[in-house]
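Worksheet for the structure shown next.
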Amino acid sequence: MRKIKKGDDVMVIAGKDKGKRGTVLKVIDENHIVVENINIARKHRKGNPQAGVPGGIVDKAMPIHVSNVGLYNPIKGSADRVGFKTLEDGRKVRVFKSNGEVVDV
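Residue numbers in the sequence shown follow the numbering used here, run continuously in steps of one, and reach 132 at the last position.
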């Protein structure tokens with residue numbers, strides 16, 4: 028089970044975008060994720076008239092290391108560390124380390 032999954036609301040805790048929040052769009056591998064509006068790079072794209080793709084400069088969200096983000100805790104109002112707990116019914120769920128609240132419902 029991963030600590031950060033697709034669709035999670037995360038906050039950047041290190042790097043040029045420190046303090047910004049976004050939603051995880053894609054999990055690249057166990058160490059890299061793509062977050063919307065975080066780590067934006069300007070890429071030069073060549074146009075393709077046959078496919079209807081215009082050329083120019085486009086903004087693209089690049090992968091960021093998972094150690095530079097933390098899961099956003101709405102109760103605390105900032106990023107928080109994540110742990111795991113097994114419930115009475117046998118389900119394994121993610122919990123916030125600071126207050127023990129369950130992340131997964």
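Built from N, CA and C at the ideal position, the CB exists for glycine as well. Every value quoted in this text rests on a predicted model; they were computed, and no experiment measured them.
For a test of the three-state rule: what should DSSP assign to residue i, helix, strand or coil?
i: S125; result: coil
i: V120; result: strand
i: V93; result: helix
i: A68; result: strand
i: R108; result: coil
Keeping to the same chain, check which residues put their C-beta closer than 8 Å to that of residue i; ignore five residues upstream and five downstream.
i: A41; result: S94, N95
Determine the extent of the beta strand (DSSP E) in which residue i is found, giving its start and end residues.
i: N100; result: 96-100
i: K87; result: 83-88
i: I60; result: 59-62
By alpha-carbon positions, which one of the options ends up nearest to residue i?
i: D56; options: G49, K32, G79; result: K32
i: G46; options: P90, G104, N75, K70; result: G104
i: K87; options: K119, R69, F123; result: R69
i: G127; options: E115, D107, D116, G117; result: D107
i: D35; options: P101, K43, V80; result: P101
i: K43; options: K30, I67, R29; result: I67
Who are the near neighbours of residue i in its chain, counting only those whose CB is closer than 7 Å to its CB and skipping five residues on each side?
i: N58; result: H92, V93
For residue i, which residues of its own chain have a beta-carbon under 6 Å away from its beta-carbon, when the five flanking residues on both sides are left out?
i: K30; result: V109
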